[in-house]
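The structure appears right after this line, and notes come after that.
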Amino acid sequence: LAKTTQPISMDSYEGQEVNITCSHNNIATNDYITWYQQFPSQGPRFIIQGYKTKVTNEVASLFIPADRKSSTLSLPRVSLSDTAVYYCLVDMMDSSYKLIFGSGTRLLVRP
Amino acid sequence: GAGVSQSPSNKVTEKGKDVELRCDPISGHTALYWYRQRLGQGLEFLIYFQGNSAPDKSGLPSDRFSAERTGESVSTLTIQRTQQEDSAVYLCASSSYRDMNTGELFFGEGSRLTVL
Chain A
6 LAKTTQPISM DSYEGQEVNI TCSHNNIATN DYITWYQQFP SQGPRFIIQG YKTKVTNEVA
66 SLFIPADRKS STLSLPRVSL SDTAVYYCLV DMMDSSYKLI FGSGTRLLVR P
Chain B
11 GAGVSQSPSN KVTEKGKDVE LRCDPISGHT ALYWYRQRLG QGLEFLIYFQ GNSAPDKSGL
71 PSDRFSAERT GESVSTLTIQ RTQQEDSAVY LCASSSYRDM NTGELFFGEG SRLTVL
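Chains A and B are the protein sequences, given in the same order. Numbering follows this note's numbering, with no gaps: position 23 of the first sequence is 28. Numbering follows this note's numbering, with no gaps: position 56 of the second sequence is 66.
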């Protein structure tokens with residue numbers, strides 16, 4: 006399974022755009038990139054998934070360059086409620102469907 | 011129910027006692043996962059069930075840990091002779107075949123275990 010590296014923590018202010026980059030240098034051809042969000046005392050929640058280029062939904066955008074060795078989760082105009090831990094996962098979506106979570110990025114949004 | 015349900019939400023036990031943690035997945039979800047999350051850390055994979063296939067137990071940290079699932083329903087995670095290092099939040103997640111193709115797991119709120 007491809008290993009991911011992401012910053013331990015980030016600070017931002019309300020209304021700013023936040024970009025969290027994840028490195029996955031040994032990503033395989035069949036791997037997808039998935040991001041989860043976890044609030045304190047809750048289980049993680051799926052945000053977005055992509056394979057290449059750009060994916061956008063109502064919550065976030067995911068940018069994946071052509072070499073797919075990294076990906077960037079973009080949160081537009083964050084609010085205090087976006088304070089959470091964000092996990093980047095790379096998964097082969099093979100028959101095991103085993104998702105491995107790293108330590109994540111702890112985002113703190115300040116007023 | 012509408013979501014993944016876990017019980018108990020909190021459990022305090024004494025070192026050496028056995029504990030059982032329960033997970034009710036979303037109805038119809040064939041895949042079920044258990045993860046462990048220690049304070050301030052990421053999630054550690056423990057075990058994965060998919061339908062009637064043999065479970066993937068590769069994440070269980072020791073033979074004191076075991077889990078069962080009957081068909082596509084409830085799962086129980088059992089920790090025997092608990093140790094203080096077992097203190098953590100134990101998270102359960104489930105997914106349907108369709109959702110797995112999009113990478114989406116649905117998590118419960120976890121069972122917080124404290125071993126004194």
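Even glycine gets a Cβ: it sits at the ideal position worked out from N, Cα and C.
At a Cβ cut of 9 Å, what residues of the stretch 64-83 of chain A count as close to chain B, listed as they run along the chain? Flagged: no residues at all.
Confirm, please, whether the CB-CB distance from B:Thr88 to B:Glu24 is below 8 Å. As a position in the second sequence, residue 24 of chain B is number 14, starting the count at 1. As a position in the second sequence, residue 88 of chain B is number 78, starting the count at 1. No, the pair does not count as a contact, with Cβ atoms beyond the cut-off.
Would DSSP call A:Asp96 helix, strand or coil? For this step, residue 96 of chain A is matched to residue 91 along the first sequence. A:Asp96 carries a strand assignment under DSSP once its states are collapsed to helix, strand and coil.
Inter-residue Cα distance where the pair is A:Ile69 and A:Leu78: For this step, residue 69 of chain A is matched to residue 64 along the first sequence. For this step, residue 78 of chain A is matched to residue 73 along the first sequence. Distance between the alpha carbons of A:Ile69 and A:Leu78 is about 9 Å.
Under DSSP, the beta strand (DSSP E) around B:Leu101 begins and ends at which residues? Counting from 1 along the second sequence, the entry for residue 101 of chain B is found at position 91. In the DSSP assignment, B:Leu101 falls within the beta strand (DSSP E) that extends over Ala98 to Ser105.
DSSP on B:Ser85, reduced to helix/strand/coil? Walking along the second sequence from the start, residue 85 of chain B turns up at place 75. DSSP places B:Ser85 in strand when its eight states are reduced to three.
From the DSSP output, which residues share a beta bridge with B:Asp10? Limits of chain B in this structure are 11 at one end and 126 at the other, which puts residue 10 of chain B out of reach.
Residues in the stretch 43-67 of chain A with C-beta within 8 Å of chain B's C-beta atoms, listed in sequence order? Correct list: Ser46, Gln47, Gly48, Pro49, Arg50, Phe51 and Gln54.
Considering B:Ala41, what are the terminal residues of the beta strand (DSSP E) in which it resides? Stepping through the second sequence from its first residue, residue 41 of chain B is reached at position 31. Ala41 to Gln47 is the span of the beta strand (DSSP E), which, as asked, contains B:Ala41.
According to DSSP, is B:Glu78 helix, strand or coil? Position 68 of the second sequence, counting from 1, holds the residue named residue 78 of chain B. B:Glu78 falls in the strand class under three-state DSSP.
Chain B residues whose Cβ lies nearer than 8 Å to that of A:Leu104: The residue given as residue 104 of chain A occupies position 99 in the first sequence. The answer, in chain order, is Tyr43, Phe55, Gly113 and Leu115.
What is the residue span of the beta strand (DSSP E) that B:Gly50 lies within? What you label residue 50 of chain B is simply residue 40 of the second sequence in a count that begins at 1. First-last for B:Gly50: undefined, no H or E at that position.
Per the DSSP calculation, A:Lys59 is bridged to which residue(s)? Within the first sequence, the letter at position 54 stands for residue 59 of chain A. In DSSP, A:Lys59 forms a bridge with A:Phe68.
Should B:Gly52 be flagged as near chain A, meaning a C-beta pair shorter than 8 Å? For the purposes of this step, residue 52 of chain B is taken as residue 42 along the second sequence, with counting starting at 1. Output row for B:Gly52: interface = yes.
B:Leu126 - DSSP class collapsed to helix/strand/coil: The sequence position of residue 126 of chain B within the second sequence is 116, counting from 1. In this structure, DSSP gives B:Leu126 a state outside helix and strand, which the three-state scheme calls coil.
If you measure from the beta carbon of A:Gly109 to each beta carbon in chain B, is any gap under 8 Å? As a first step, residue 109 of chain A must be located in the first sequence, where it is residue number 104. For A:Gly109, at least one C-beta of chain B is nearer than 8 Å to its own C-beta.
What do you get for A:Thr9, buried or exposed, if any count of 16 or more other CB atoms within 10 angstroms of its CB means buried? In the first sequence, counting from the first residue as 1, residue 9 of chain A sits at position 4. Burial call: buried.
Based on the DSSP output, what are the partners of A:Ala89 in its beta bridges? Position 84 of the first sequence, counting from 1, holds the residue named residue 89 of chain A. Answer is A:Leu112, bridged to A:Ala89.
Spell out the partners DSSP gives B:Val22 in its beta bridges. Taking the first residue of the second sequence as 1, we reach residue 22 of chain B at position 12. Partner(s): B:Thr124.
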